[in-house]
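What follows is a short report on a single structure.
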Amino acid sequence: MKRFVTVLVLFFAVMNLGFTPPASAGLPLSLLSSDVPSLAPMLEKTIPGVVNISTKTKIRVQENPLFSDPFFRRFFDLPNVPRERESQSLGSGVIIDAKKGYVLTNNHVIDKADEITVTLGDRRSFTAKVIGTDPEVDLAVIQIDADNLTA
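Reminder that position 28 of the sequence shown reads as 293 in the working numbering, one-by-one numbering, no gaps.
Structure representation (structure tokens):
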């Protein structure tokens, strides 16, 4: 009999787990009907200050010394490969001074770049120049010459 009662109690305990009311059922109606806070007003002000940064870098290609031997190239009919190739990278940044056109980004995004292009949210693109870098904290400041920027 004790075994039957124990099994019956466990059965109802397990069945009760599946029928627990949702957490919102305990909240007062005034909280459930109030407006949910929105980030939209803040985002409308800050998103125009976020920019896309693309870079182009020429990288010297290391090649096997055997490939530089003219006889070896002719024997295996190897094409002449360029000794440099162009590498592209992408990153993001934030306009920190709209009047001067300063953009804060990561140092690794613009490190050793030959060409830096900043694209704004309104799709305008500008060539940027490096103002300063700090590799230890991975920060860099670049500058673009543009009007109507939003910081």
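Where a beta carbon is used, it is the ideal one built from N, C-alpha and C, also for glycine.
Candidates the options: which alpha carbon is nearest residue i's?
i       : options                               : result
Asp-362 : Gln-408, Ser-303, Ala-305 and Thr-271 : Gln-408
Asp-376 : Gly-386, Ile-396, Ile-360 and Glu-309 : Ile-396
Ala-411 : Lys-267, Ala-278 and Gly-314          : Gly-314
Gly-358 : Ile-312, Arg-348 and Arg-338          : Ile-312
Val-326 : Phe-269, Glu-351, Pro-302 and Gly-356 : Glu-351
Arg-348 : Leu-308, Glu-328, Ser-303 and Val-270 : Glu-328
Our contact map puts residue i next to residue j with C-beta atoms below 8 Å; I'd like the distance itself, whole angstroms only.
i       : j       : result
Lys-392 : Ser-319 : Looking at the sequence provided, one finds Thr at residue 392 rather than Lys. Contact flag wrong, Cβ pair sits at about 11 Å.
Ala-416 : Ile-360 : 5 Å
Lys-321 : Asp-379 : 6 Å
Asn-317 : Thr-384 : 4 Å
Leu-414 : Gly-356 : About 18 Å; that fails the 8 Å criterion.
Between which two residues does the alpha helix (DSSP H) containing residue i stretch?
i       : result
Val-383 : Note, Val-383: premise wrong, no alpha helix (DSSP H); beta strand (DSSP E) at 380-384.
Val-374 : 372-375
Taking the beta strand (DSSP E) that residue i falls in, what are its first and last residues?
i       : result
Thr-415 : Segment: none, Thr-415 is in no beta strand (DSSP E) and carries neither H nor E.
Val-395 : 390-399
Val-406 : 404-409
Tell me, please, whether the CB atom of residue i is closer than 8 Å to any CB atom in chain D?
i       : result
Asn-372 : Here there is only one protein chain, and chain D is not present.
For residue i, is the beta carbon positioned less than 7 Å from some heavy atom of the ligand FMN?
i       : result
Asp-334 : Absence of the ligand FMN is noted for the structure shown, with no ligands found whatsoever.
Touch test, the stretch 367-377 against the stretch 397-406, Cβ-Cβ under 8 Å, three pairs minimum: yes
Alpha helix (DSSP H) runs wholly inside the stretch 309-370, at least 4 long, in chain order: 335-340
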